[in-house]
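J.: Per full-length UniProt numbering: the sequence shown = residues 1 to 500.
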Amino acid sequence: MNNIGNLGALIAAACRQHQGALAIDAPSAAVTYEGLLDTATALAAALGKLGVDRNEPVHVRVSNQPHDFAGLLGVWLAGCVAVPIHRTSPEAVTARILDRTQARFAVDVPQAFSGEQDAIERIGANASAPAPRAQLDDAALIIFTSGSTGAPKGVVVTHQAFSAKLLSIDAMIHFRKTERTLLLLNITFSFGIWVSLLTLLGGGTLVLPQKFEPALLLAQLRERTIHRVGVVPTMLRALLAAVPTASRNAHAFACPDLRQILTGGEQLSEQLATQIETLFPNADLINIFGLTETSTCDFFQFPNYRRTKPTSLGLPSSHVEYRVVDETQTRVPPGTIGELQLRSPYLMRGYLDEPQLTAAAFVHTWFRTGDLAVTTADGDVQLMGRQKELIVRGGNKVTPMEIEQAITMFEGVGAAMAVGAPDDILGERIHALVVPCSGNVLDVGALRAFLCLKLEKYKVPDFFYEADALPVGRTGKADRRELRSMVATGTLVPLTRHVQ
Numbered sequence: 001m002n003n004i005g006n007l008g009a010l011i012a013a014a015c016r017q018h019q020g021a022l023a024i025d026a027p028s029a030a031v032t033y034e035g036l037l038d039t040a041t042a043l044a045a046a047l048g049k050l051g052v053d054r055n056e057p058v059h060v061r062v063s064n065q066p067h068d069f070a071g072l073l074g075v076w077l078a079g080c081v082a083v084p085i086h087r088t089s090p091e092a093v094t095a096r097i098l099d100r101t102q103a104r105f106a107v108d109v110p111q112a113f114s115g116e117q118d119a120i121e122r123i124g125a126n127a128s129a130p131a132p133r134a135q136l137d138d139a140a141l142i143i144f145t146s147g148s149t150g151a152p153k154g155v156v157v158t159h160q161a162f163s164a165k166l167l168s169i170d171a172m173i174h175f176r177k178t179e180r181t182l183l184l185l186n187i188t189f190s191f192g193i194w195v196s197l198l199t200l201l202g203g204g205t206l207v208l209p210q211k212f213e214p215a216l217l218l219a220q221l222r223e224r225t226i227h228r229v230g231v232v233p234t235m236l237r238a239l240l241a242a243v244p245t246a247s248r249n250a251h252a253f254a255c256p257d258l259r260q261i262l263t264g265g266e267q268l269s270e271q272l273a274t275q276i277e278t279l280f281p282n283a284d285l286i287n288i289f290g291l292t293e294t295s296t297c298d299f300f301q302f303p304n305y306r307r308t309k310p311t312s313l314g315l316p317s318s319h320v321e322y323r324v325v326d327e328t329q330t331r332v333p334p335g336t337i338g339e340l341q342l343r344s345p346y347l348m349r350g351y352l353d354e355p356q357l358t359a360a361a362f363v364h365t366w367f368r369t370g371d372l373a374v375t376t377a378d379g380d381v382q383l384m385g386r387q388k389e390l391i392v393r394g395g396n397k398v399t400p401m402e403i404e405q406a407i408t409m410f411e412g413v414g415a416a417m418a419v420g421a422p423d424d425i426l427g428e429r430i431h432a433l434v435v436p437c438s439g440n441v442l443d444v445g446a447l448r449a450f451l452c453l454k455l456e457k458y459k460v461p462d463f464f465y466e467a468d469a470l471p472v473g474r475t476g477k478a479d480r481r482e483l484r485s486m487v488a489t490g491t492l493v494p495l496t497r498h499v500q
């Protein structure tokens, strides 16, 4: 990739350049770049016959099937805005998205697409094209967020912003021609989208597994040629749990072809990073921080950076500026907690048809991430949690991330999540869900004693719960809101209660 512009035109150019090469390798089909472009071109023509307007939103049903990528490309070649929606989304969810987008058509490309209109379904009540929306001019995607901090919002991202960000990402992690990327991330998720597009723009091959299953993933990484994989930390924890403790040494899974493990979407603990690096010593584990609203990938924590500054977000992408501010929007000195704000050419156009939410997300040209952070004296950024996730216990503000980091430092703990729940006396009590490593028995008393050495008294959880895994949302990320619900409904039984 060497320029910026319309994503459809860029991918089409890559297809023409790599015609006979394998674009997608899946159990159900192998698709060449030529085949990908042929299907997408036919789909674009079919949409044109139906009278789609330029910049009109079109739903694209996806579930990481071989021809889903032709669906996205076809919508872009038709001059429309792609709205990726998972095929298994509940009807109520798709109805809410339809109400927001006012789309007339949904694309669902079958394996044997004939070029007719059998891949396109009329949806919604509108027979005529919706009125033009300036917000959608040059828009490439409307990505609906997972809703972990509230109702899902439609993030409008332009071709210019996303293609420029792809160029910036590639300059950091270098996708190479003929490389094979194992795609485990849904392409309704911005992480899955950029990993897929950069692979295709570089002339590589997307390898699609039937499903995410840790044991099968380990087998694929050992037995097939895979150069890169993108995962969320939840997947890494599941992967680690599938490996017998005795086998977790520097040579057990030395996959010679695996060059990069890309991870992001949630916190990566130091312990988990070390365990994965031990399991895959030949691969670089790259932890990435970014948001859908910023076209993803704003900071990269490379292995050498993590070893010297393990709590730092890492290096910023090119042209990404950052600051940490207080409630008055004044920069705070190093070591002081404030809100992390970002500014770059890659920011979203806004939230679809929600001008008030869009305005609230910005302070002039700065995007408000909602993340709490501190800077160090040498300019590094360290995350401290999210503003909306702050627990206020007895008037003391506590970030869940600080508690979780301390818990995962305890031997035998694989993952942890902390939330606050209402309390008549203290306002909120702290509830912590702990996931032991495979084969380990959790000693809550010992864990509490350990935390008392690591945290102030008011930060030590009041309630501990144990589970085999953290609750996750549709994107595969750990879902804090679901844990709050489980605590509120009594789904979880506390191991102990310690009222201070």
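Even glycine gets a Cβ: it sits at the ideal position worked out from N, Cα and C. The structure presented is a predicted model; accordingly, all values stated were derived computationally and were not measured.
1. Expressed to the nearest angstrom, what Euclidean distance is found between the alpha-carbon atoms of residue 77 and residue 91?
2. Which class does residue 12 belong to by DSSP, given the choice of helix, strand or coil?
3. Give me the DSSP bridge partner(s) of residue 59.
4. Can you list, in chain order, the residues of its chain whose CB lies under 6 Å from that of residue 410, leaving out five sequence neighbours each side?
5. If you draw a straight line from the alpha carbon of residue 338 to that of residue 384, how long is it in whole angstroms?
6. When you compare each of 25, 168, 136 to residue 154 by their alpha carbons, which one comes out closest?
7. Out of curiosity, what's the CA-to-CA distance linking residue 399 and residue 64?
8. What number of angstroms, rounded off, separates the C-alpha of residue 162 from the C-alpha of residue 344?
9. Near residue 164, which residues of its chain fall below 7 Å by C-beta distance, leaving aside the five closest residues on each side in sequence?
10. Classify residue 378 as buried or exposed, calling it buried when 16 or more other Cβ atoms lie within 10 Å of its own Cβ.
11. Can you list, in chain order, the residues of its chain with a C-beta nearer than 7 Å to that of residue 387? Leave out the 5 residues immediately preceding and following it.
12. Do residue 434 and residue 416 have their CB atoms nearer than 8 Å?
13. Only counting runs of 3 or more residues, tell me where the beta strand (DSSP E) segments fall wholly within the segment 415-471, in order along the chain.
14. Taking the runs of the beta strand (DSSP E) that are 3 residues or longer, which of them lie wholly in the segment 195-225?
15. Within 10 angstroms of its Cβ, does residue 457 collect 16 or more other Cβ (buried), or is it exposed?
16. Decide if the segment 181-201 is in contact with the segment 10-18; the criterion is three or more beta carbon pairs, one per stretch, under 8 Å apart.
17. Thinking C-alpha only, which one of 95, 61, 292, 66 is nearest residue 83?
18. When the Cα atoms are used, what is the spatial distance from residue 26 to residue 493?
19. Short of 8 Å in beta carbon distance, which residues of its chain neighbour residue 123, apart from the five on each side in sequence? Order them along the chain.
20. Between 132, 299, 308, 73, which has its C-alpha nearest residue 352's C-alpha?
21. Exposed or buried, which one is residue 179 when buried takes at least 16 other CB atoms within 10 Å?
22. Is DSSP giving residue 322 helix, strand or coil here?
23. Just tell me which of 6, 120, 160 has its CA closest to the CA of residue 52.
24. At which residues does the beta strand (DSSP E) containing residue 25 begin and terminate?
25. State the Cα-Cα distance for the pair residue 488 and residue 29, rounded to the nearest angstrom.
26. Once you ignore the five residues that flank residue 173 on each side, which residues in its own chain have a CB closer than 8 Å to its CB?
27. Let me know the secondary structure DSSP gives residue 125 once reduced to three states.
28. Count the CB pairs spanning the segment 181-195 and the segment 466-483 that are closer than 8 Å, and state whether there are at least three.
29. Can you tell me which of the three DSSP states residue 405 falls into?
30. Helix, strand or coil for residue 257? Go by DSSP, reduced to three states.
31. Looking only at C-alpha atoms, which of 479, 48, 210, 485 sits nearest to residue 267?
32. Looking at the secondary structure, which residues open and close the beta strand (DSSP E) in which residue 368 lies?
33. Buried or exposed: where does residue 56 fall if 16 or more other Cβ atoms within 10 Å of its Cβ makes it buried?
34. Would you mind sorting residue 150 into buried or exposed? The rule is 16 or more other CB atoms within 10 Å of its CB.
35. Contact check, residue 141 vs residue 81 under 8 Å by CB: the rounded distance?
36. Would you kindly work out how many angstroms separate the C-alpha atoms of residue 195 and residue 204, rounded to a whole number?
T.: Result, derived from the coordinates:
1. Taking the first residue of the sequence shown as 1, we reach residue 77 at position 77. Taking the first residue of the sequence shown as 1, we reach residue 91 at position 91. Rounded to whole angstroms, residue 77 and residue 91 show a C-alpha spacing of 28 Å.
2. Taking the sequence shown and counting its residues from 1, the one referred to as residue 12 is at position 12. In this structure, DSSP gives residue 12 a helical state, which the three-state scheme calls helix.
3. To locate residue 59, count along the sequence shown from 1; it is residue 59. Residue 59 pairs with 83, 106.
4. To locate residue 410, count along the sequence shown from 1; it is residue 410. So the list reads 447, 450, once near-sequence residues are dropped.
5. Here residue 338 refers to the residue found at position 338 when the sequence shown is read from its first residue. Here residue 384 refers to the residue found at position 384 when the sequence shown is read from its first residue. CA-to-CA, the gap between residue 338 and residue 384 works out to about 9 Å.
6. Taking the sequence shown and counting its residues from 1, the one referred to as residue 154 is at position 154. When each option's Cα is compared against that of residue 154, the closest is 136.
7. The residue you call residue 399 lines up with position 399 of the sequence shown. The residue you call residue 64 lines up with position 64 of the sequence shown. Taking the CA atoms as reference points, residue 399 sits about 35 Å from residue 64.
8. As a position in the sequence shown, residue 162 is number 162, starting the count at 1. As a position in the sequence shown, residue 344 is number 344, starting the count at 1. Whole-angstrom Cα-Cα distance: 12 Å.
9. In the sequence shown, the residue the question calls residue 164 occupies position 164. The residues are 4, 345, 346.
10. Taking the sequence shown and counting its residues from 1, the one referred to as residue 378 is at position 378. Exposure of residue 378 is indicated by the presence of fewer than 16 other C-beta atoms within 10 angstroms of its C-beta.
11. The residue labelled residue 387 in the question sits at position 387 within the sequence shown. Closer than 7 Å at the Cβ level, and outside the excluded window around residue 387, lie 339, 370, 372.
12. Position 434 of the sequence shown, counted from the start, is the residue given in the question as residue 434. Position 416 of the sequence shown, counted from the start, is the residue given in the question as residue 416. Result yes, Cβ atoms of residue 434 and residue 416 sit closer than 8 Å.
13. The qualifying runs are 427-436, 463-466.
14. Counting whole runs of 3 or more residues, the segment 195-225 contains the beta strand (DSSP E) stretches 205-207.
15. Working through the sequence shown from its first residue, we reach residue 457 at position 457. Counting the other Cβ atoms within 10 Å of the Cβ of residue 457 gives fewer than 16, which makes it exposed.
16. When Cβ pairs closer than 8 Å are counted between the two stretches, the segment 181-201 is seen to touch the segment 10-18, the count reaching three or more.
17. For the purposes of this step, residue 83 is taken as residue 83 along the sequence shown, with counting starting at 1. Residue 61 holds the alpha-carbon nearest to the alpha-carbon of residue 83 among 95, 61, 292, 66.
18. Position 26 of the sequence shown, counted from the start, is the residue given in the question as residue 26. Position 493 of the sequence shown, counted from the start, is the residue given in the question as residue 493. Each residue's alpha carbon lies about 42 Å from the other.
19. The sequence position of residue 123 within the sequence shown is 123, counting from 1. These residues qualify, in order along the chain: 59, 98, 103, 104, 105, 106.
20. For the purposes of this step, residue 352 is identified with residue 352 of the sequence shown, where counting begins at 1. Of the candidates 132, 299, 308, 73, 132 places its Cα closest to the Cα of residue 352.
21. Taking the sequence shown and counting its residues from 1, the one referred to as residue 179 is at position 179. Taking every protein chain shown into account, the CB of residue 179 has 16 or more other CB atoms within 10 angstroms, so this residue is buried.
22. Counting from 1 along the sequence shown, the entry for residue 322 is found at position 322. Reduced to three states, the DSSP call for residue 322 is strand.
23. Numbered from its first residue, the sequence shown carries residue 52 at position 52. Of the listed residues, the one whose Cα sits closest to residue 52 is 120.
24. As a working mapping, residue 25 is identified with position 25 in the sequence shown. For residue 25, the uninterrupted beta strand (DSSP E) segment begins and ends at 22-25.
25. Here residue 488 corresponds to residue number 488 of the sequence shown, with the count starting at 1. Here residue 29 corresponds to residue number 29 of the sequence shown, with the count starting at 1. Between the alpha carbons of residue 488 and residue 29 lies a gap of roughly 45 Å.
26. By 1-based counting over the sequence shown, the position of residue 173 is 173. Counting only Cβ-Cβ distances below 8 Å, and skipping sequence neighbours, we find 260, 262, 286, 300.
27. For the purposes of this step, residue 125 is taken as the residue at position 125 of the sequence shown. DSSP places residue 125 in the coil class of the three-state scheme, outside both helix and strand.
28. These segments touch.
29. Residue mapping note: residue 405 aligns to position 405 of the sequence shown, counting from 1. It is helical.
30. Position 257 of the sequence shown holds residue 257. If DSSP states are grouped into helix, strand and coil, residue 257 belongs with coil.
31. Position 267 of the sequence shown, counted from the first residue, corresponds to residue 267. The shortest CA-to-CA distance from residue 267 to any of 479, 48, 210, 485 is the one to 479.
32. What you label residue 368 is simply residue 368 of the sequence shown in a count that begins at 1. Its beta strand (DSSP E) spans residues 366-375.
33. The residue labelled residue 56 in the question sits at position 56 within the sequence shown. Answer is buried; the Cβ neighbour count reaches 16.
34. What you label residue 150 is simply residue 150 of the sequence shown in a count that begins at 1. For residue 150, the predicted model reports a pLDDT of 48, less than 50, meaning its position is unreliable; a value from the coordinates is still stated below. So residue 150 ends up on the exposed side.
35. The residue you call residue 141 lines up with position 141 of the sequence shown. The residue you call residue 81 lines up with position 81 of the sequence shown. Rounded to the nearest angstrom, the Cβ distance from residue 141 to residue 81 is 7 Å, consistent with a contact under 8 Å.
36. Counted from its first residue, the sequence shown places residue 195 at position 195. Counted from its first residue, the sequence shown places residue 204 at position 204. Their Cα atoms are separated by approximately 11 Å.
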